[in-house]
Each structure stands twice: as structure tokens, then as C-alpha cells.
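Engineer:
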């Protein structure tokens, strides 16, 4: 069963969000030889939504909490 918020996030947006979360200040490069990139990967969360579940944690918050948890276990 897919669990998602139904929001589309590009790979670039996700990379930038991860960089901000972990404090990465380096350059993020794209492979311009593949300008079409990966096809859209929005999960179909209609099944879980039909059961009454709805995401309540924004991706930024969830990533931050997951990273903090990782740091405490590393």
C-alpha cells in the first residue's frame, strides 16, 4: 500500500531539501545529457486515503525528524 501526501516533489527539490536539512553546502549537479530525467513518480495513495488516512507531517518536518533520529543512532 502506498503511503504519500499526494504532493509532487522533483528530484532537484528533494536534493535541495536534503542538503538544507543535513547542512550540505556543496554543489548539486544535474546530468544535462539526460534532460528529460526520470518520469513522474507521484505515488497513488488513493487506497490508504479511502481508509481515512491523511498525511499530517510536511516533508520538511519529516525529513528533519528522520535525520535527527539517524544522528542519535549513528
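Residue numbers (our numbering): 76 to 149. Virtual Cβ for every residue (Gly too), placed ideally from N, Cα, C.
#1: From residue 133 to residue 123, what does the alpha carbon distance come to, in whole angstroms?
#2: May I ask you to report which of helix, strand or coil DSSP gives residue 85?
#3: Starting from the C-beta of residue 117, find all residues in its chain whose C-beta is less than 7 Å away, skip the five residues before and the five after it, and write them out in chain order.
#4: How long is the line joining the alpha carbons of residue 137 and residue 125, rounded to whole angstroms?
#5: To which residues of the same chain is residue 96 closer than 7 Å at the C-beta, ignoring the five residues directly before and after it?
Structural biologist: Reading off the structure:
#1: C-alpha separation (whole angstroms): 17 Å.
#2: DSSP places residue 85 in coil when its eight states are reduced to three.
#3: The answer, listed in chain order, is 83.
#4: Residue 137 and residue 125: Cα-Cα distance of roughly 23 Å.
#5: Cβ neighbours of residue 96 beyond the five flanking positions: 138, 139, 142.
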